[in-house]
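Student: Numbering (our numbering), first residue to last: 118 to 228. For every residue, glycine included, the Cβ atom is placed at its ideal position computed from N, Cα and C. Remember, it's a predicted structure, so these values are computed and weren't measured experimentally. Here's a structure for you.
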């Protein structure tokens with residue numbers, strides 16, 4: 118399994134461990150939203166890889182985890198604000214998620 122897949126899977130697993138108050142639409146997985154049911158859409162976007170130490174094989178793969186919260190129209194926030202705050206706390210800056218031999222470091226405060 119590639120590092121990108123390990124990173125993506127570790128982020129998805131960590132999100133799934135949070136709670137199931139919103140259904141989740143994962144990348145490249147068919148999902149049909151239900152009427153009047155809030156859900157979240159998850160995106161993982163790889164960014165430029167960094168090679169901070171040129172004399173060895175160490176490298177840092179960067180990316181962005183984006184979670185869009187979608188609520189039914191004209192029904193108020195539908196819990197989106199509290200869900201966003203719980204996601205922000207769950208992926209707090211300084212968190213390290215490890216899967217097999219790959220570490221995923223959350224280096225920025227989620228916003």
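1. Which runs of the alpha helix (DSSP H) spanning at least 4 residues fall entirely within the segment 190-227, listed in chain order?
2. When the Cα atoms are used, what is the spatial distance from residue 136 to residue 197?
3. Under DSSP, the beta strand (DSSP E) around residue 187 begins and ends at which residues?
4. For residue 119 and residue 193, I'd like the C-alpha separation in whole angstroms.
5. Per the DSSP calculation, residue 129 is bridged to which residue(s)?
6. Take residue 161 as the anchor and find which of 214, 145 and 195 has the nearest alpha-carbon.
7. State the start and end residues of the unbroken beta strand (DSSP E) segment that holds residue 154.
8. The beta strand (DSSP E) that contains residue 142, what's its start and end?
9. Are residue 186 and residue 150 closer than 8 Å when you measure CB to CB?
Tutor: On the basis of the data shown:
1. With a minimum length of 4 residues, the continuous alpha helix (DSSP H) runs that stay inside the segment 190-227 are 197-207.
2. As a first step, residue 136 is located in the chain shown; it is residue number 19 there, counting from the start. As a first step, residue 197 is located in the chain shown; it is residue number 80 there, counting from the start. A direct Cα-to-Cα measurement between residue 136 and residue 197 gives close to 13 Å.
3. For the purposes of this step, residue 187 is identified with residue 70 of the chain shown, where counting begins at 1. For residue 187, the enclosing beta strand (DSSP E) starts and ends at 180-187.
4. Here residue 119 corresponds to residue number 2 of the chain shown, with the count starting at 1. Here residue 193 corresponds to residue number 76 of the chain shown, with the count starting at 1. Rounded to the nearest angstrom, the two C-alpha atoms are 41 Å apart.
5. In the chain shown, residue 129 corresponds to position 12, counting from 1. The partner list for residue 129 (beta bridge, DSSP) is empty, contrary to what the question assumes.
6. Counting from one through the chain shown, the residue named residue 161 turns up at place 44. That would be 145, whose Cα lies nearest to the Cα of residue 161.
7. To locate residue 154, count along the chain shown from 1; it is residue 37. DSSP places residue 154 in no beta strand (DSSP E); its state is neither H nor E.
8. The residue labelled residue 142 in the question sits at position 25 within the chain shown. Per DSSP, the continuous beta strand (DSSP E) segment holding residue 142 begins and ends at 140-142.
9. What you label residue 186 is simply residue 69 of the chain shown in a count that begins at 1. What you label residue 150 is simply residue 33 of the chain shown in a count that begins at 1. No, the pair does not count as a contact, with Cβ atoms beyond the cut-off.
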